[in-house]
Structure formats: structure tokens, C-alpha cells
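>
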Amino acid sequence: MGLKGKLISQTEIKGCKDLFHEMFRHKPHHLSNIIQRLCSFTNFFPQKIEGKKEVVKVVVEDKRGNKLVTLSSSEGHVIEQYNAFKATVHIENEGENNLVLWTVEYEKQKEDVPEPFSYLQLFLNMTIDIDTHHVNQ
Numbered sequence: 581m582g583l584k585g586k587l588i589s590q591t592e593i594k595g596c597k598d599l600f601h602e603m604f605r606h607k608p609h610h611l612s613n614i615i616q617r618l619c620s621f622t623n624f625f626p627q628k629i630e631g632k633k634e635v636v637k638v639v640v641e642d643k644r645g646n647k648l649v650t651l652s653s654s655e656g657h658v659i660e661q662y663n664a665f666k667a668t669v670h671i672e673n674e675g676e677n678n679l680v681l682w683t684v685e686y687e688k689q690k691e692d693v694p695e696p697f698s699y700l701q702l703f704l705n706m707t708i709d710i711d712t713h714h715v716n717q
């Protein structure tokens, strides 16, 4: 395996894609209230991953008009293992379905560093919790 990689996962949401996108774009501080069962947040990134406390600072970039938000790590625990770590969430329509596509791009510092499957799973769990919150309101 190489040091650079990309993980991609897609899931369908029942709620409004605009509300989902708004949560990341304008209201990331509300995420900790919605997904308390998963983790607490500092600077929009989880403090606990695989049972370990982590702090990661990110830069949030919004591509207006195309429902795409990119989270790039600037410092913290994730940078101890990865030279580069970027997660992108894209919300799109496929017919009447709203789809959330997560893409995690990374570059490991060493060959023995694991692929960041736990982060991708965290993002998918966040998606489910955010969607459940919006549908139940």
C-alpha cells in the first residue's frame, strides 16, 4: 500500500439536504448537541476516536452552490500520523433521494500507520445522527 489514499462512502438521508449542509456550513457549533452519543467537539473535530481523546483543529471551506464542505486538518493528533488529512462532505440529489458522500483523503507519515477507517465511520455516524435529528423535529 502507498502512503497516500482516499476513502469514500455514501449514505442516503431522509431529511432536507439544505438543513444538513447548513449544519456544516453555518452551525458546526450545534453538532455537539445533536451527536452527544458519539463524541464531543473542539474546533469542529472529534475529541474521541477509538476511545482515545484527540484534539484536531480544522479549516472549514465551503464551495457555495454545490453543497460541498471541506474540512482540512491544520494541527492536532491526526497530524501526528498523517502528513495530510482532508474530509469532504457533498450532498447531492439522485431522483428523489438525498445522498451524502464523504471522501477522506490522506497521506500517512509511515507505511505502518492505519488507514483512517475510524474517522470515516465517525463521519457516517454523524450523518445518521444529524439526519435523525432533522427528521424528528
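In this text, residue positions in the sequence shown follow this note's numbering: the first is 581, and each later residue adds one.
The C-beta atom is built at its ideal place from N, Cα and C for all residues, glycine as well.
1. Kindly indicate which residue of Val-693, Gln-701, Ile-708, Gly-675 has the alpha-carbon position closest to the one of Ile-588.
2. Distance, Cα to Cα, Pro-626 vs Met-706?
3. Give the DSSP bridge partners of Lys-586, in chain order.
4. Would you tell me roughly how many angstroms separate the C-alpha atoms of Leu-618 and Leu-704, rounded to the nearest one?
5. Let me know if Phe-697 comes out buried or exposed under the rule of 16 or more other beta-carbons within 10 Å of its beta-carbon.
6. Tell me the residue span of the beta strand (DSSP E) that contains Lys-672.
7. How many angstroms separate the CA atom of Ala-664 from the CA atom of Val-649?
8. How big is the Cα-Cα spacing for Gly-585 and Lys-597?
9. Below 8 Å CB to CB, which residues in the same chain sit around Lys-594 once its five sequence neighbours on both sides are set aside?
10. When DSSP labels each residue in this structure, what does Val-658 get in the three-state scheme?
11. Within its chain, find whatever has a CB closer than 6 Å to the CB of Val-680; leave out the 5 residues flanking it on each side and keep chain order.
12. By the DSSP assignment, the alpha helix (DSSP H) with Val-715 in it spans what residues?
From the atom records:
1. Sequence index remark: in the sequence shown, residue 588 carries index 8 (1-based). Cα-wise, what sits closest to Ile-588 is Gln-701.
2. For the purposes of this step, residue 626 is taken as the residue at position 46 of the sequence shown. For the purposes of this step, residue 706 is taken as the residue at position 126 of the sequence shown. Residue confidence for Pro-626 is low, a pLDDT of 49 falling below 50, so the modelled location carries little weight; the figure read from the coordinates is stated next. Computed Cα separation, rounded: 10 Å.
3. Your numbering for residue 586 matches position 6 in the sequence shown. According to DSSP, which records beta bridges pairwise, Lys-586 is partnered with Glu-685.
4. The residue you call residue 618 lines up with position 38 of the sequence shown. The residue you call residue 704 lines up with position 124 of the sequence shown. Summary for Leu-618: the model assigns pLDDT 42, below 50, so the residue's position carries little reliability, and this model does not support an answer.
5. The count along the sequence shown starts at 1 and reaches residue 697 at position 117. The residue is exposed, with fewer than 16 neighbouring Cβ atoms inside 10 Å.
6. Locating residue 672 in the sequence shown gives position 92, counting from the first residue. For clarity, residue 672 is Glu in the given sequence; the question names Lys instead. First-last of the beta strand (DSSP E) with Glu-672: 662-674.
7. Taking the sequence shown and counting its residues from 1, the one referred to as residue 664 is at position 84. Taking the sequence shown and counting its residues from 1, the one referred to as residue 649 is at position 69. For Ala-664 and Val-649, the distance between alpha carbons rounds to 17 Å.
8. If you number the sequence shown from 1, residue 585 lands on position 5. If you number the sequence shown from 1, residue 597 lands on position 17. Cα to Cα, the separation comes out at about 28 Å.
9. Counted from its first residue, the sequence shown places residue 594 at position 14. Excluding residues up to 5 positions away in sequence, Asn-678, Asp-711, Val-715 lie with their Cβ nearer than 8 Å to the Cβ of Lys-594 in the same chain.
10. Start at 1 with the first residue of the sequence shown, and residue 658 comes out as number 78. Per DSSP, reduced to three states, the secondary structure at Val-658 is helical.
11. For the purposes of this step, residue 680 is identified with residue 100 of the sequence shown, where counting begins at 1. Answer for Val-680: Thr-591, Ile-593, Ile-671, Thr-707, listed in chain order.
12. Reading the sequence shown from its first residue, position 135 is the one you call residue 715. Run containing Val-715: 697-715, per the alpha helix (DSSP H) assignment.
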